[in-house]
Ligand SMILES: C[S@@+](CC[C@H](N)C(=O)[O-])C[C@H]1O[C@@H](n2cnc3c(N)ncnc32)[C@H](O)[C@@H]1O
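Residue numbers (the numbering used here): 32 to 329.
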């Protein structure tokens, strides 16, 4: 929290965006720090999160506009060049993870769902029951770094012919059977569950579009803070920043003699991703794998 406020430097009269409202902890902190005239545009694709947000932000009435939207569309409703800071705190929220019926968890048995936005038609069950073994293996490998991706995918395709997958427990059980725990700390289904979540919610596609849109709605000098939870997201944010901070472009391979000069679009504020501070870790143990990157529009 403190790190985000240091990065975005909210002040009275400033305009800020929280593209991942969740329980609105960050949104409330930004509004408090920019009192009495700071403004917040906020969105979340999860209707349940927005209900919680409305309650949490009631004391700031008249100073924010919140919408149920994907952050990949920020530049469709927020004026270009109008904002001083944008926050994207990626991933799922604690209520999403903890509620069995949202289907994100292998610890609490629930429907195999994993949608952050329940209006979308694709669920984890649909994906697992209809995709080919090759496609599933690719998802587990690319989005979960799962070394046993092919074996797991083949077993799923085999098992679903007997009985389609409908619950998180069913899927976790299959993976545990194929890859017994043997004293390992992490559940063997961790990577498969992460991969399915990333695929079901098109998390990397949304992030890519969200970063581009965020840059459009920022004013020069405005800051973009992104908190990631796994290396795929962090790499995407790092490469986005590096490409936009360059004062040259190139096509294909970067050969110094063939570089074409251009004006950089942003400045990287912290070269290395920042881990959470001790206070954050104490208050929110789930933040242990979080990494914060901060950039500034030029
Ligand atoms: C880690 S939580 C955010 C917590 C929040 N910063 C707080 O202080 O409570 C992530 C939230 O982002 C939302 N989310 C994730 N990807 C999204 C996207 N592409 N568009 C809109 N909301 C998204 C999730 O639904 C979830 O509520």
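Cβ coordinates follow ideal geometry from the N, Cα and C atoms, glycine included.
Model, not experiment: these values are computed from the prediction.
Asked, Found
"Are the CB atoms of residue 304 and residue 117 nearer to each other than 7 Å?", "no"
"Skipping 5 residues on each side, what residues in its chain have a beta carbon closer than 6 Å to that of residue 290?", "279 and 281"
"Evaluate contact between the stretch 248 to 266 and the stretch 233 to 240, counting only Cβ atoms and requiring at least three cross-stretch pairs below 8 Å.", "yes"
"What are the start and end residues of each continuous beta strand (DSSP E) run of 3 or more residues lying completely inside the stretch 94 to 124, in chain order?", "95 to 99 and 114 to 120"
"Using 7 Å as the threshold, is the C-beta distance between residue 196 and residue 160 below it?", "yes"
"Please give me, in chain order, every unbroken run of the alpha helix (DSSP H) with length at least 4 that falls completely inside the stretch 179 to 205.", "180 to 193"
"Confirm the yes/no value for this check: CB of residue 291, any heavy atom of ligand 1, distance under 6 Å.", "no"
"Quick check: is any heavy atom of ligand 1 less than 6 Å from the C-beta of residue 405?", "No information on residue 405 is available, as it lies outside the stretch 32 to 329 that the chain covers here."
"I'd like to know whether the C-beta atoms of residue 114 and residue 248 end up nearer to each other than 7 Å.", "yes"
"Between which residues of its own chain and residue 134 is the CB-CB distance below 6 Å, once the five residues before and five after are set aside?", "141, 142, 143, 144, 145 and 199"
"Identify the residues that DSSP records as bridge partners of residue 328: which are they?", "297"
"Is it the case that the Cβ atoms of residue 233 and residue 322 are separated by a distance below 7 Å?", "no"
"Could you check whether the Cβ of residue 340 sits closer than 6 Å to any heavy atom belonging to ligand 1?", "For the chain, the structure presents residues 32 to 329; residue 340 sits outside this window and is missing."
"Classify residue 143 as helix, strand or coil using the three-state DSSP reduction.", "coil"
"Quick one: using the 10 Å Cβ neighbour count with 16 as the cut-off for buried, is residue 129 buried or exposed?", "exposed"
"Contact check, residue 124 vs residue 80 under 8 Å by CB: the rounded distance?", "6 Å"
"Ligand 1 and residue 237: does any heavy atom of the ligand fall closer than 6 Å to the residue's C-beta?", "yes"
"Could you please give me the residues that DSSP links to residue 172 through a beta bridge?", "For residue 172, which the question treats as bridged, DSSP gives no partner whatsoever."
"Look at the Cβ atom of residue 99, then the Cβ atom of residue 78, and state whether they are nearer than 7 Å.", "yes"
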